[in-house]
Ligand code: ADP
Ligand code: MG
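Numbering (this note's numbering), first residue to last: 2 to 363.
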């Protein structure tokens, strides 16, 4: 006979943590968002074996108060959200107090931090959401926080086996870092592998988004991009509710007709959050293929794939972005109309540039 038993809490928590943190790059996304929420202007990522061995994020943000260290990794401890109603207008990337907790259940977590008020910093280790005895040790450091997650999934063999090799996991880490580095112009990012002197990503605090695209994707991509700005309806503020109509603002860069690639790059931020939107991607791929049918041969029949960066602002009450920790796919109201408006806007830009090109050739 099968016996029904209650799972131990530690087992439940480890399973739940594996849902939030699927691989090093999903831990990285959470850590980068914490650094950005802390007002950092410099964020350095350090990786060993694709993050499987070490994932470290160092920032110069406001740091964590000494008094908060004991509860830092408890579930649902956060400095960002107080009332449920705050969710509608929340402007931090985090709010659930789940990321550090989850990471502490599936890795060896060490946090070093210093606030502006303190003469020195503190270092504490965490396991299964608890601070490890004997507690924080004083540490000479500068203002900011360094979070190091080591041996991710050391205690979840099935997850550990599902990880890809170091090279592939590192590519995912580079991808996440690149997206944030481009979007967050004004914040300097770096990403490198431990033991290597060369950084694989470097952006400067004074650089523009286009500078960052050039630094990360190369001058060949940056040269072919056109700036796009679209506006539709009212200012997309919190005064607009679900019952109101289409309202959005979009700023971005899209590749022009000379750009040819086998793989689409779509970097999409909605209301400041990094998300995916398959419908938008497909719609724009179809647009580019239809405008540039001749390019099929040169890309081996794959069609011309675009490079796209969009910073899309929607009324916060019309969008459910990232409400679930693992959900990167986003849902928003008026999705079909908004995607069609973006498609039409991009098409206009492309044909205007095509006309200009024909004109200059005459
Ligand atoms: P959330 O981001 O949803 O609040 P987390 O588990 O990611 O939850 O973080 C818990 C809390 O720890 C945050 O609310 C914040 O106060 C603090 N924290 C985490 N990372 C940093 C950091 N890099 N700098 C300053 N504070 C941090
Ligand atoms: Mg967070």
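In this text, a Cβ means the ideal position worked out from N, Cα and C, and glycines have one as well. These numbers come from a predicted model, not from an experiment.
Reference residue i, options the options, closest by Cα
i	options	result
residue 74	35, 52 and 262	35
residue 1	96, 173, 214 and 29	The chain is shown from 2 up to 363; residue 1 falls before or after that span and cannot be answered.
residue 71	87, 102, 46 and 83	102
residue 100	289, 283 and 127	127
residue 184	264, 163, 254 and 11	254
residue 134	111, 218, 342 and 252	111
residue 329	123, 293, 250 and 22	22
residue 26	138, 153 and 203	153
residue 125	162, 66, 317 and 173	66
residue 313	321, 274 and 192	274
residue 209	181, 292 and 52	181
residue 281	292, 293, 272 and 266	266
residue 117	142, 341, 200 and 353	142
residue 240	193, 161 and 318	318
residue 243	316, 221 and 33	316
residue 187	211, 147 and 28	211
residue 151	137, 115 and 108	108
residue 350	288, 305, 272 and 320	288
residue 14	232, 130 and 235	130
residue 168	226, 291, 51 and 5	51
Residue i: CB within 8 Å of a non-hydrogen atom of the ligand ADP
i	result
residue 232	no
residue 274	no
residue 102	yes
residue 122	no
residue 197	no
residue 80	yes
residue 145	yes
residue 63	yes
residue 31	yes
residue 73	yes
residue 188	no
residue 39	yes
residue 107	no
residue 60	yes
residue 329	no
residue 347	no
residue 98	yes
residue 129	no
residue 287	no
residue 203	no
residue 148	yes
residue 114	yes
residue 87	no
residue 93	yes
residue 69	yes
Buried versus exposed call for residue i [16 or more other C-beta atoms within 10 Å across all chains shown]
i	result
residue 158	exposed
residue 361	Residue placement at residue 361 cannot be trusted, given a pLDDT of 47 that sits under 50; what the coordinates show is reported in the next sentence. Residue 361 should be labelled exposed.
residue 155	exposed
residue 237	buried
residue 331	buried
residue 41	buried
residue 7	exposed
residue 31	buried
residue 297	Note that residue 297 scores a pLDDT of 48, beneath 50, so its modelled location is shaky; the value from the coordinates is reported in the next line. By the 10 Å Cβ count, residue 297 comes out exposed.
residue 256	buried
residue 85	exposed
residue 69	exposed
residue 11	exposed
residue 345	exposed
residue 363	Reliability of the predicted coordinates at residue 363 is poor, the pLDDT of 40 falling under 50, and no value is obtained from them.
residue 206	exposed
residue 18	buried
residue 53	buried
residue 60	buried
residue 121	exposed
residue 356	exposed
residue 279	exposed
residue 228	exposed
residue 198	exposed
residue 162	exposed
residue 353	exposed
residue 77	exposed
residue 105	buried
residue 92	exposed
Residue i CB to nearest heavy atom of the ligand FMN below 8 Å
i	result
residue 42	Ligands in the displayed structure: the ligand ADP and the ligand MG; the ligand FMN is not one of them.
Taking any heavy atom of the ligand MG as the mark, which residues have a C-beta closer than 5 Å to it, listed down the chain? The answer, residue by residue, is 35, 95 and 100.
Length at least 3, wholly inside the segment 38-75: the beta strand (DSSP E) runs in chain order: Fully enclosed beta strand (DSSP E) runs of 3 or longer: 43-49 and 55-60.
3-residue-minimum beta strand (DSSP E) runs that sit fully inside the segment 80-136, ordered along the chain: If we require 3 residues or more, the beta strand (DSSP E) runs fully inside the segment 80-136 come out as 109-115 and 122-128.
Within the segment 212-262, note down every full alpha helix (DSSP H) run reaching 4 residues or more, in order along the chain. Entirely contained in the segment 212-262, the alpha helix (DSSP H) runs reaching 4 residues are, in chain order, 220-224.
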